[in-house]
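**Student:** First residue of the sequence shown: 436, per the working numbering; consecutive thereafter.
Ideal placement from N, C-alpha and C gives every residue a C-beta, glycine not left out.
The model shown is predicted, which means the values in this text are computed figures rather than measured ones.
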Amino acid sequence: MPTGPGNDRDVSDAAEVVVDDDASRRVLGLAWSGAARFAEMLADEGELRGLIGPREVPRLWSRHVVNSAAVAGFLPESGSLADVGSGAGLPGVVLALMRPDLDVHLIEPMERRIAWLGEVVDELDLDNVTLHQVRAEELHGKLEVDAVTARAVAAMGKLARLTLPLVSRGGVLLAQKGRRAESELADAATALRKLGVTATSVHEVDLLGDGEITMVVEVRK
Ligand SMILES: C[S@@+](CC[C@H](N)C(=O)[O-])C[C@H]1O[C@@H](n2cnc3c(N)ncnc32)[C@H](O)[C@@H]1O
């Protein structure tokens with residue numbers, strides 16, 4: 436990996452970010468190598484380009500890249516997916532690698548983040564990805580998908596208003612949430628009903644089998 440001015444990371448730093456173990460290989464399957472390359476890119480440039488905080492680099496692999504697979508088990512068998520507020524590409528890039536059969540839309544309003552996502556898409560040869568440099572609201576009535584994912588974008592009520600108009604009838608919103616998932620869902624109950632939600636559930640996903648739980652909120656329309 437090239438080392439530029441102001442970037443004192445070197446090849447070995449980036450390589451050490453990726454943990455080659457049975458657990459991550461089981462979770463990521465054939466997407467493992469692409470995900471490892473993505474993690475290296477983030478380790479090299481993510482902090483410098485304001486995509487991840489400095490404290491996140493050492494835990495980039497398990498907490499961010501592999502963790503992005505938490506929603507994979509709830510995705511539809513086929514069709515389209517939009518990751519709203521994709522930022523550095525979490526979880527959208529990892530899901531696009533895992534599910535090359537899905538038509539994946541990454542929605543992110545910030546120009547420098549979209550530029551980054553374009554570089555990632557090229558480097559990883561992701562031909563199932565379309566980038567949209569807009570706020571999710573701007574795509575209401577223009578884009579409809581079978582599933583929307585969102586990680587660290589907004590509280591449940593606001594997130595539902597941003598994303599559910601993009602979800603087709605019978606589709607699903609999958610939100611990666613923290614420990615307050617249940618109460619966020621309860622607070623958003625009225626908004627969800629008005630938006631045509633038919634069912635909700637909260638899943639506790641222990642992705643790596645190490646007791647580290649990721650909460651996935653599933654909202655069906
Ligand atoms: C905290 S970051 C999370 C990024 C990424 N999902 C992750 O987990 O690392 C939130 C992202 O949502 C984007 N965002 C904020 N409001 C949005 C909106 N209305 N539509 C689409 N993206 C939005 C921001 O630009 C930012 O990149």
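On a CA-only basis, which of 650, 452, 634 is nearest residue 641? Give me that one, please.
**Tutor:** Mapped onto the sequence shown, residue 641 falls at position 206. The residue with the shortest Cα to Cα distance from residue 641 is 650.
**Student:** Tell me which residue opens and which closes the alpha helix (DSSP H) that residue 643 is part of.
**Tutor:** Position 208 of the sequence shown holds residue 643. Per DSSP, residue 643 belongs to no alpha helix (DSSP H) and is neither H nor E.
**Student:** From which residue to which residue does the alpha helix (DSSP H) around residue 459 run?
**Tutor:** For the purposes of this step, residue 459 is taken as the residue at position 24 of the sequence shown. Per DSSP, residue 459 belongs to the alpha helix (DSSP H) from 457-463.
**Student:** Return the residue from the list 588, 589, 545, 473 that minimises the CA-CA distance to residue 568.
**Tutor:** To locate residue 568, count along the sequence shown from 1; it is residue 133. Comparing Cα-Cα distances from residue 568 to each of 588, 589, 545, 473, the minimum goes to 545.
**Student:** Got a sec? Which residues, its chain only, sit under 6 Å from residue 447 by beta carbon, not counting five neighbours each side?
**Tutor:** As a working mapping, residue 447 is identified with position 12 in the sequence shown. Here the model assigns residue 447 a pLDDT of 44, short of 50, so the residue's position is not dependable, and the following value carries that caveat. Cβ within range, chain order: n/a, list empty.
**Student:** Residue 412: buried (16+ other C-beta within 10 angstroms of its C-beta) or exposed?
**Tutor:** Past the boundaries of the shown model lies residue 412; the chain is included only from 436 to 656, so the question cannot be answered.
**Student:** Looking at the secondary structure, which residues open and close the alpha helix (DSSP H) in which residue 633 lies?
**Tutor:** Sequence index remark: in the sequence shown, residue 633 carries index 198 (1-based). It is not in any alpha helix (DSSP H) - residue 633 carries neither H nor E in the DSSP assignment.
**Student:** Within 10 Å of its beta-carbon, does residue 646 have 16 or more other beta-carbons around it, so buried, or fewer, so exposed?
**Tutor:** As a working mapping, residue 646 is identified with position 211 in the sequence shown. Burial call: exposed.
**Student:** Taking a contact to mean a Cβ-Cβ separation below 8 Å, would you say residue 516 touches residue 598 in this structure?
**Tutor:** To locate residue 516, count along the sequence shown from 1; it is residue 81. To locate residue 598, count along the sequence shown from 1; it is residue 163. It is not a contact, given that the beta carbons lie outside the stated cut-off.
**Student:** Reducing DSSP to helix, strand and coil, say where residue 569 ends up.
**Tutor:** The residue labelled residue 569 in the question sits at position 134 within the sequence shown. Coil.
**Student:** Using CA coordinates, which residue listed in 496, 497, 527 is at the minimum distance from residue 507?
**Tutor:** If you number the sequence shown from 1, residue 507 lands on position 72. Of the candidates 496, 497, 527, the one whose C-alpha sits nearest the C-alpha of residue 507 is 527.
**Student:** Please list, in chain order, all residues of the same chain as residue 486 whose beta carbon is under 8 Å from its beta carbon, the five residues on each side excluded.
**Tutor:** The sequence position of residue 486 within the sequence shown is 51, counting from 1. Once the five neighbours on either side are set aside, the close Cβ partners of residue 486 are 477, 480, 522, 523, 548, 551.
**Student:** Return the CA-CA distance between residue 439 and residue 531, expressed in angstroms with no decimal places.
**Tutor:** Numbered from 1 along the sequence shown, position 4 holds the residue referred to as residue 439. Numbered from 1 along the sequence shown, position 96 holds the residue referred to as residue 531. Bear in mind that a pLDDT of 39 at residue 439, under 50, signals an unreliable position, so the number given afterwards is only what the model happens to contain. Those two C-alpha atoms are separated by around 29 Å.
**Student:** Go through its chain and collect everything with a Cβ distance to residue 589's Cβ below 7 Å, but skip five positions before and after it.
**Tutor:** Numbered from 1 along the sequence shown, position 154 holds the residue referred to as residue 589. Result list for residue 589: 597, in chain order.
**Student:** So does residue 547 have its beta carbon nearer than 7 Å to some heavy atom of ligand 1?
**Tutor:** Taking the first residue of the sequence shown as 1, we reach residue 547 at position 112. No, the Cβ of residue 547 stays beyond 7 Å of every heavy atom of ligand 1.
**Student:** Could you give the DSSP three-state label for residue 577: helix, strand or coil?
**Tutor:** As a working mapping, residue 577 is identified with position 142 in the sequence shown. The answer is coil: DSSP assigns residue 577 none of H, G, I, E or B.
**Student:** Going by beta-carbon coordinates alone, are residue 635 and residue 653 separated by less than 8 Å?
**Tutor:** The count along the sequence shown starts at 1 and reaches residue 635 at position 200. The count along the sequence shown starts at 1 and reaches residue 653 at position 218. For residue 635 and residue 653, yes; Cβs fall inside 8 Å.
**Student:** When DSSP labels each residue in this structure, what does residue 590 get in the three-state scheme?
**Tutor:** In the sequence shown, the residue the question calls residue 590 occupies position 155. Three-state result, residue 590: coil.
**Student:** Evaluate contact between the stretch 534-544 and the stretch 556-564, counting only Cβ atoms and requiring at least three cross-stretch pairs below 8 Å.
**Tutor:** With the cut-off at 8 Å, the stretch 534-544 and the stretch 556-564 touch.
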